[in-house]
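Below you'll find the structure, written out as structure tokens, and then a few comments.
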Amino acid sequence: MANFTPLSAAIGGALIGLSAVLLMLLTGRIAGISGMFAGLLYPGSTDKGWRGAFVAGLVLAPLLGGWIGYGMPTPQLPASWTVIIAAGLLVGFGTRMGDGCTSGHGICGIARLSGRSIAATLIFMLTGIATVALTRHVFGG
Amino acid sequence: MLMIASLLCGLVFGAGLLISQMVQPAKVLAFLDIFGAWDPSLAVVMATALAVSMPGFMLAKGHSRPLLAAQSSWPTKNDIDPSLIVGSTLFGIGWGLVGFCPGPALESLATLSPDVIVFVAAMATGMILHDFWQRFRPATRRDEAMAQRPG
Chain A
284 MANFTPLSAA IGGALIGLSA VLLMLLTGRI AGISGMFAGL LYPGSTDKGW RGAFVAGLVL
344 APLLGGWIGY GMPTPQLPAS WTVIIAAGLL VGFGTRMGDG CTSGHGICGI ARLSGRSIAA
404 TLIFMLTGIA TVALTRHVFG G
Chain B
3 MLMIASLLCG LVFGAGLLIS QMVQPAKVLA FLDIFGAWDP SLAVVMATAL AVSMPGFMLA
63 KGHSRPLLAA QSSWPTKNDI DPSLIVGSTL FGIGWGLVGF CPGPALESLA TLSPDVIVFV
123 AAMATGMILH DFWQRFRPAT RRDEAMAQRP G
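Next up, the structure:
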């Protein structure tokens with residue numbers, strides 16, 4: 284547990300929870316990022332305004348953070364482009380088919396005590412753990 | 003006003019991912035790597051996020067309507083169907099391969115990293131492929147509920 288960062292994790296998590304609550308209290312929407320992004324992909328879909336604004340806020344956060352010394356290092360993806368593309372396709376297809384991702388099911392859904400979201404979260408956590416176990420410890424070096 | 007509120011919520015969410023370092027795929031993969039050098043930080047992120055959102059949502063449910071919109075869009079589906087199980091499985095595999103879920107991936111577009119742009123383009127393609135496939139298979143009960151996706 285050498286890299287455990289409980290304090291920053293606790294503060295960051297509280298902000299994520301606060302954002303989900305504020306979005307619901309103000310706009311009446313669930314902070315589900317896969318659904319928001321999917322809604323931006325089609326010319327005819329409705330509700331583009333608030334969805335686009337939320338995603339814009341998400342992208343602006345690290346840029347504003349950079350000004351106050353909270354910049355974002357370029358993420359290191361531990362994989363070839365083939366794996367990155369396969370992973371992206373799986374995340375896109377899977378979150379549409381399963382109606383949500385870490386934010387919509389993992390935070391908002393569990394906070395509503397939705398059995399569906401609790402099941403989804405358990406499943407993607409377990410398959411994520413299994414995938415890392417296989418790639419790092421069974422097939423990996 | 004609705005757009006400004008939504009933008010601010012996106013900023014707060016992004017700040018949370020940034021401060022908790024969940025924008026870093028390495029940090030997420032270290033949480034999923036329970037057989038390696040396990041890093042439980044993501045569990046703490048979820049715990050405090052839920053500690054805030056659970057009472058917050060209870061408060062929101064008590065309100066008849068949100069401040070800036072005509073009505074609240076609470077998800078209505080409750081059944082654990084095959085689509086949920088298969089979809090969440092596929093998502094978990096993709097998440098475990100590189101350590102990106104949709105929020106951190108979109109936020110990371112700010113770095114203009116080619117890896118991130120490729121991932122987000124593939125993610126968008128996966129979503130479109132799903133919806134295309136959905137449209138051309140026999141209609142099911144699921145299709146009627148398409149309008150009520152929680153995201």
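Chains as they are written, first to last, in our numbering: chain A, 284 to 424; chain B, 3 to 153.
Ideal Cβ positions, reconstructed from N, Cα and C, are used throughout, including at glycine.
Bear in mind that the values here come from a model prediction, so they are computed numbers and not experimental data.
Residue i (DSSP reduced to helix, strand or coil)
i: residue 51 (chain B); result: helix
i: residue 107 (chain B); result: helix
i: residue 113 (chain B); result: helix
i: residue 361 (chain A); result: coil
i: residue 11 (chain B); result: helix
i: residue 133 (chain B); result: helix
i: residue 413 (chain A); result: helix
i: residue 66 (chain B); result: coil
i: residue 97 (chain B); result: helix
i: residue 25 (chain B); result: coil
i: residue 40 (chain B); result: coil
i: residue 326 (chain A); result: coil
i: residue 396 (chain A); result: coil
i: residue 391 (chain A); result: helix
i: residue 90 (chain B); result: helix
i: residue 378 (chain A); result: helix
i: residue 288 (chain A); result: coil
i: residue 56 (chain B); result: helix
i: residue 5 (chain B); result: helix
i: residue 75 (chain B); result: coil
i: residue 102 (chain B); result: coil
i: residue 355 (chain A); result: coil
i: residue 123 (chain B); result: helix
For residue j and residue i, believed in contact at Cβ under 8 Å, the rounded distance
i: residue 371 (chain A); j: residue 122 (chain B); result: 7 Å
i: residue 299 (chain A); j: residue 30 (chain B); result: 14 Å between Cβ atoms; not a contact.
i: residue 16 (chain B); j: residue 414 (chain A); result: Not a contact, Cβ separation roughly 26 Å.
i: residue 324 (chain A); j: residue 129 (chain B); result: 6 Å
i: residue 386 (chain A); j: residue 315 (chain A); result: 6 Å
i: residue 43 (chain B); j: residue 289 (chain A); result: 7 Å
i: residue 89 (chain B); j: residue 378 (chain A); result: 7 Å
i: residue 375 (chain A); j: residue 383 (chain A); result: With 8 Å as the limit, residue 375 (chain A) and residue 383 (chain A) do not qualify as a contact, their Cβ atoms being about 13 Å apart.
i: residue 37 (chain B); j: residue 420 (chain A); result: 5 Å
i: residue 293 (chain A); j: residue 59 (chain B); result: Residue 293 (chain A) to residue 59 (chain B), Cβ: 19 Å. No contact.
i: residue 120 (chain B); j: residue 364 (chain A); result: 6 Å
i: residue 20 (chain B); j: residue 342 (chain A); result: Incorrect: roughly 11 Å between the Cβ atoms, too far for contact.
i: residue 68 (chain B); j: residue 301 (chain A); result: Incorrect: roughly 16 Å between the Cβ atoms, too far for contact.
Proximal chain A residues relative to residue i, where beta-carbon distance stays under 8 Å
i: residue 119 (chain B); result: Those do not exist, as residue 119 (chain B) stays about 10 Å from chain A at its closest Cβ, beyond 8 Å.
i: residue 66 (chain B); result: Correct list: empty, because the minimum Cβ distance to chain A is about 11 Å.
i: residue 138 (chain B); result: Within chain A, no residue comes near residue 138 (chain B); the closest Cβ sits about 15 Å away, beyond 8 Å.
i: residue 134 (chain B); result: Within chain A, no residue comes near residue 134 (chain B); the closest Cβ sits about 10 Å away, beyond 8 Å.
7 Å Cβ cut-off: residues of chain A touching residue i
i: residue 59 (chain B); result: 304, 307, 394 and 395
Contacts of residue i in chain B (Cβ-Cβ under 8 Å)
i: residue 351 (chain A); result: Under the 8 Å cutoff, chain B gives no residues; its nearest Cβ is about 10 Å from residue 351 (chain A).
Where residue i meets chain B, residues with beta-carbon distance less than 9 Å
i: residue 422 (chain A); result: Result: empty, since nearest Cβ-Cβ is about 12 Å, beyond 9 Å.
i: residue 398 (chain A); result: 80, 81 and 82
i: residue 289 (chain A); result: 42, 43 and 46
i: residue 365 (chain A); result: Going along chain B, no residue has its Cβ under 9 Å from residue 365 (chain A), so there is no contact; the nearest lies around 10 Å.
Nearest neighbour of residue i, chosen from the options [CA to CA]
i: residue 396 (chain A); options: B:53, B:43 and B:19; result: B:53
i: residue 318 (chain A); options: A:401, A:337 and A:309; result: A:337
i: residue 334 (chain A); options: A:321, A:344 and A:346; result: A:321
i: residue 33 (chain B); options: A:410, A:423 and A:422; result: A:410
i: residue 18 (chain B); options: A:358, A:345, A:359 and A:330; result: A:345
i: residue 28 (chain B); options: A:327, A:307 and A:286; result: A:286
i: residue 331 (chain A); options: B:112, B:8 and B:115; result: B:8
i: residue 22 (chain B); options: A:417, A:353, A:342 and A:306; result: A:353
i: residue 418 (chain A); options: B:126, B:82 and B:95; result: B:95
i: residue 358 (chain A); options: B:87, B:81, B:107 and B:85; result: B:107
i: residue 77 (chain B); options: A:405, A:401, A:305 and A:313; result: A:313
i: residue 117 (chain B); options: A:368, A:399 and A:381; result: A:368
i: residue 348 (chain A); options: B:109, B:132 and B:138; result: B:109
i: residue 366 (chain A); options: B:124, B:113 and B:66; result: B:124
i: residue 356 (chain A); options: B:24, B:55 and B:64; result: B:24
Proximal residues of chain B, C-beta to C-beta of residue i below 7 Å
i: residue 296 (chain A); result: 18, 22, 46, 47, 48, 49, 50 and 51
i: residue 329 (chain A); result: Near residue 329 (chain A) there are no residues of chain B at all, since even the closest Cβ is about 10 Å away, more than 7 Å.
i: residue 310 (chain A); result: 4, 7, 8, 68, 70 and 71
i: residue 326 (chain A); result: None at all; the shortest Cβ gap to chain B is about 12 Å.
Interface residues of chain A facing residue i [CB-CB closer than 9 Å]
i: residue 37 (chain B); result: 412, 415, 416, 419 and 420
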